[in-house]
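Quick note: the sequence shown, position 441, residue 441 per the numbering used here, numbers continuous.
All residues carry an ideal CB built from backbone N, CA and C; glycine is no exception.
Here the structure comes first, spelled out in structure tokens, and everything after it is commentary.
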Amino acid sequence: MSISQLPGREWTGTNQQALNDEFERLLTAFAGETTVELDPPSSATALGHVANAFGLTAFERGLLTLCAGAQLHLGLSRAVAEAAGAVTWALAHDLLPEPHWSAMSPGGTLRRWHLLELGAGPVAHAPLHIGERMLNFLVGVDELDPLLVPLAARLRPAGLIPASHVAVADQIARAWADPTSPWVAVSLHGDDEDGRLDVAWAACAALGLEPFLVRGTDLPAGPVERDLLARVWTRDSLLSGAALVLENDLTEVAVGGWLERVNGPVLICSRHRAGGSGVVHHEVSRPPAAEQRHLWRSALAEHHADDSWLETADVLASTHRLSAREIVGCTRLTAKADDPGELTRTLRAQLRRSDLDGLVRVIRPRARWSDLVLPADRLELLHALADQVRTRRVVHDDWGFAEKGGRGLGTTALFAGEPGTGKTLAAEVIARELDLELLHVDLSAVVSKYIGETEKNLRRIFDGADETGAILLFDEADALFGKRSEVRDSHDRYANIEVSYLLQRMEAYRGLAVLTTNARASLDPAFVRRLGFIVQFPFPDADHRARIWAGAFPDRTPTEGLEPRVLSSLAVSGGAIRNIAVAAAFRAAAAEGPVRMEEIAWAARAELAKAERTAAPSDFAGWST
Numbered sequence: 001m002s003i004s005q006l007p008g009r010e011w012t013g014t015n016q017q018a019l020n021d022e023f024e025r026l027l028t029a030f031a032g033e034t035t036v037e038l039d040p041p042s043s044a045t046a047l048g049h050v051a052n053a054f055g056l057t058a059f060e061r062g063l064l065t066l067c068a069g070a071q072l073h074l075g076l077s078r079a080v081a082e083a084a085g086a087v088t089w090a091l092a093h094d095l096l097p098e099p100h101w102s103a104m105s106p107g108g109t110l111r112r113w114h115l116l117e118l119g120a121g122p123v124a125h126a127p128l129h130i131g132e133r134m135l136n137f138l139v140g141v142d143e144l145d146p147l148l149v150p151l152a153a154r155l156r157p158a159g160l161i162p163a164s165h166v167a168v169a170d171q172i173a174r175a176w177a178d179p180t181s182p183w184v185a186v187s188l189h190g191d192d193e194d195g196r197l198d199v200a201w202a203a204c205a206a207l208g209l210e211p212f213l214v215r216g217t218d219l220p221a222g223p224v225e226r227d228l229l230a231r232v233w234t235r236d237s238l239l240s241g242a243a244l245v246l247e248n249d250l251t252e253v254a255v256g257g258w259l260e261r262v263n264g265p266v267l268i269c270s271r272h273r274a275g276g277s278g279v280v281h282h283e284v285s286r287p288p289a290a291e292q293r294h295l296w297r298s299a300l301a302e303h304h305a306d307d308s309w310l311e312t313a314d315v316l317a318s319t320h321r322l323s324a325r326e327i328v329g330c331t332r333l334t335a336k337a338d339d340p341g342e343l344t345r346t347l348r349a350q351l352r353r354s355d356l357d358g359l360v361r362v363i364r365p366r367a368r369w370s371d372l373v374l375p376a377d378r379l380e381l382l383h384a385l386a387d388q389v390r391t392r393r394v395v396h397d398d399w400g401f402a403e404k405g406g407r408g409l410g411t412t413a414l415f416a417g418e419p420g421t422g423k424t425l426a427a428e429v430i431a432r433e434l435d436l437e438l439l440h441v442d443l444s445a446v447v448s449k450y451i452g453e454t455e456k457n458l459r460r461i462f463d464g465a466d467e468t469g470a471i472l473l474f475d476e477a478d479a480l481f482g483k484r485s486e487v488r489d490s491h492d493r494y495a496n497i498e499v500s501y502l503l504q505r506m507e508a509y510r511g512l513a514v515l516t517t518n519a520r521a522s523l524d525p526a527f528v529r530r531l532g533f534i535v536q537f538p539f540p541d542a543d544h545r546a547r548i549w550a551g552a553f554p555d556r557t558p559t560e561g562l563e564p565r566v567l568s569s570l571a572v573s574g575g576a577i578r579n580i581a582v583a584a585a586f587r588a589a590a591a592e593g594p595v596r597m598e599e600i601a602w603a604a605r606a607e608l609a610k611a612e613r614t615a616a617p618s619d620f621a622g623w624s625t
């Protein structure tokens, strides 16, 4: 029990009176010839709480009280000064009942848990001091030791907690509430960083414990400093009913040795399972779509309970894997908004992930279906792909397909074709249609020559995309998803491990992953079998090239005498046509005139030169320049 749980002003007065009575009783011992008799204090007082929590003997309790009185009681302070100059074991031996030398042992309760500090000199005559933390506690001021204040922060109360997380917190509380069992360290692992902290708070709140958050990276490096910290924390935990919530960013070896010295309630929060003997493990993952929908409705109830907002929230629940705190934070930021679309925009800003810098590039999708010039059957496939992502909540959640297992819940598509045939453009169109971010994966940054680094990069990418619901675009995916090699050395073995890891993440990914390749034949058949959609982007024929040329220039661009049908004789891809159109526009702007066939011909020859291709007579057949 913490003194903070006891009644306020009334208890403070009663506690101080009881402590003063103890001081007065000790004062009489200085005038008498016999030791003073000390009755056990009430457990409702701070001194009684300390005595019970640490199992103090009568002599240890009296010694602690004597040190406190030497600072708090004027008469006792004078008596101690006249008798010995300071409280010492020798002085206590003459005044207090049942003295024992073990009270002065470094491993004894008083010194081990820093209830008292021993000064310099022979042990029997060395001055004994009570620290500020213990002194404050005895008079009713319950604050963490100054050593802990820079490291430990009170864990803020949880708001909405999904039912699955409440169940985990209840399991922890029931186990800790068993009076026959010692405190058992609990490992909270999983991908919900906020959820882990909320579970820790809820478990502590159920037992009246005060959770304090300490980051593993803030722990001191030296063994002496770590040992002191462990002892002081254990003491304060017993004093105040404090629970240690450790965010573990260090290795198990670095943290585990320190935790073995800590007694009391401990929760280790990390993405992966914490090691150590006797640790109980609980997984805390981001809530599934059904729970997210419930959280959204609860969070929106105060400000936006109409159907349009709830429908938007349902879409976000099916496309994002959010924590309860992220959902609550988004609804608070949009409390005064009128447009339900503000939920999506606000959430996107909240989830901007700086840890993906250098691995992905965020593409703001602007392209529309009208910008795609493809055969009808390919467009039909692309529409079906977008529809599958849009309706996955219905199929997975409402119709129960998600209950058959987490694998295969995502949607994966392969866009194959020569460069410039519209693969990236199609991904952008789908992203705009679904109102999702498009994350272009920089494969040169992902694939590493160093063993294991590629897998780490892939983990960061999928974890980030899984949280935000973004579409992943792996451009030129054959560099990463190529055929698995025969194992000739350690690099080959790790390359195969990376492919296996990739396949595993692809199967579990709930979002849309769009992969593009210029060489479909180079892809691993095992990977291809797992693809939901394969769309072949053909090199555009003359009719398709004419349509692309017809839409190549924005309406505001001044043009003169352009003939899309004639321009279509130039056998280039749609991407090349767009490059030529932009270059021609700049040339026309520099000449302060409209875009004409002459500017396009110049830009076309420059584009062909870039590809080291010599223009054939048929390329410019019928062009009047």
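Name the DSSP bridge partner or partners of residue i?
{"i": "R361", "result": "H440"}
{"i": "P617", "result": "Per DSSP, none; premise fails for P617."}
{"i": "E117", "result": "H129"}
{"i": "T517", "result": "A416"}
{"i": "L472", "result": "L439, A513"}
{"i": "I268", "result": "S187, L246"}
Short check: CB of residue i to CB of residue j, under 7 Å?
{"i": "E117", "j": "H129", "result": "yes"}
{"i": "P365", "j": "L473", "result": "no"}
{"i": "I577", "j": "A604", "result": "no"}
{"i": "V389", "j": "T411", "result": "yes"}
{"i": "H165", "j": "G195", "result": "yes"}
{"i": "A477", "j": "L425", "result": "no"}
{"i": "E291", "j": "P179", "result": "no"}
{"i": "E598", "j": "A588", "result": "no"}
{"i": "A46", "j": "N20", "result": "no"}
{"i": "A393", "j": "S298", "result": "Correcting the residue identity first, residue 393 is Arg in this sequence and not Ala. Cβ atoms of R393 and S298: not closer than 7 Å."}
{"i": "G241", "j": "E193", "result": "no"}
{"i": "S308", "j": "P265", "result": "no"}
{"i": "A206", "j": "A173", "result": "yes"}
{"i": "I534", "j": "V373", "result": "no"}
{"i": "A70", "j": "V80", "result": "yes"}
{"i": "L343", "j": "T391", "result": "no"}
{"i": "L151", "j": "V245", "result": "no"}
{"i": "A58", "j": "E10", "result": "no"}
DSSP three-state label for residue i, please.
{"i": "E193", "result": "helix"}
{"i": "H491", "result": "In this prediction, H491 scores a pLDDT of 48, lower than 50, which makes its location untrustworthy; no coordinate-derived value is stated."}
{"i": "T411", "result": "strand"}
{"i": "S181", "result": "coil"}
{"i": "I161", "result": "coil"}
{"i": "S485", "result": "The predicted position of S485 is uncertain, since its pLDDT is 49 and thus under 50; no value can be drawn from it."}
{"i": "R273", "result": "coil"}
{"i": "P525", "result": "helix"}
{"i": "V673", "result": "An answer regarding residue 673 cannot be provided, because it is not within the stretch 1 to 625 covered by the chain."}
{"i": "R510", "result": "coil"}
{"i": "V214", "result": "strand"}
{"i": "H100", "result": "coil"}
{"i": "R154", "result": "strand"}
{"i": "R605", "result": "helix"}
{"i": "V280", "result": "strand"}
{"i": "L207", "result": "coil"}
{"i": "G622", "result": "coil"}
{"i": "M1", "result": "Its pLDDT being 47, under 50, M1 is placed unreliably in this model, and the value from its coordinates should be taken loosely. It is coil, neither helix nor strand."}
Restricting to Cα atoms, I'd like to know which of the options is closest to residue i.
{"i": "A427", "options": "F539, D475, A589", "result": "D475"}
{"i": "A90", "options": "P127, P594, A386, C204", "result": "P127"}
{"i": "F212", "options": "A221, L219, S237", "result": "S237"}
{"i": "L436", "options": "G469, L458, G264", "result": "G469"}
{"i": "L300", "options": "D314, W399, V186", "result": "D314"}
{"i": "N248", "options": "G241, R231, L267, S240", "result": "L267"}
{"i": "R286", "options": "S308, T217, V199", "result": "V199"}
{"i": "D338", "options": "L351, D306, A521", "result": "D306"}
{"i": "V139", "options": "G452, V362, A18", "result": "A18"}
{"i": "L76", "options": "L95, L567, E60", "result": "L95"}
{"i": "L160", "options": "W201, S43, R271", "result": "W201"}
{"i": "A616", "options": "V572, V149, V328, V123", "result": "V572"}
{"i": "L72", "options": "G575, R361, F527, E24", "result": "E24"}
Notebook entry, point to check: At what residue ranges does the region 300-388 contain a whole run of the beta strand (DSSP E), taking only runs of 3 or more?
Noted result: Listed in chain order, the complete beta strand (DSSP E) runs (minimum 3 residues) inside the region 300-388 are 360-363.
Note to self: Which runs of the beta strand (DSSP E) at least 3 residues long sit entirely within the region 533-595? Give them in chain order.
What the structure shows: 533-537
Checklist line | Complete alpha helix (DSSP H) runs within the region 14-94 (minimum length 4 residues, chain order) | finding: 46-54, 58-72, 74-83
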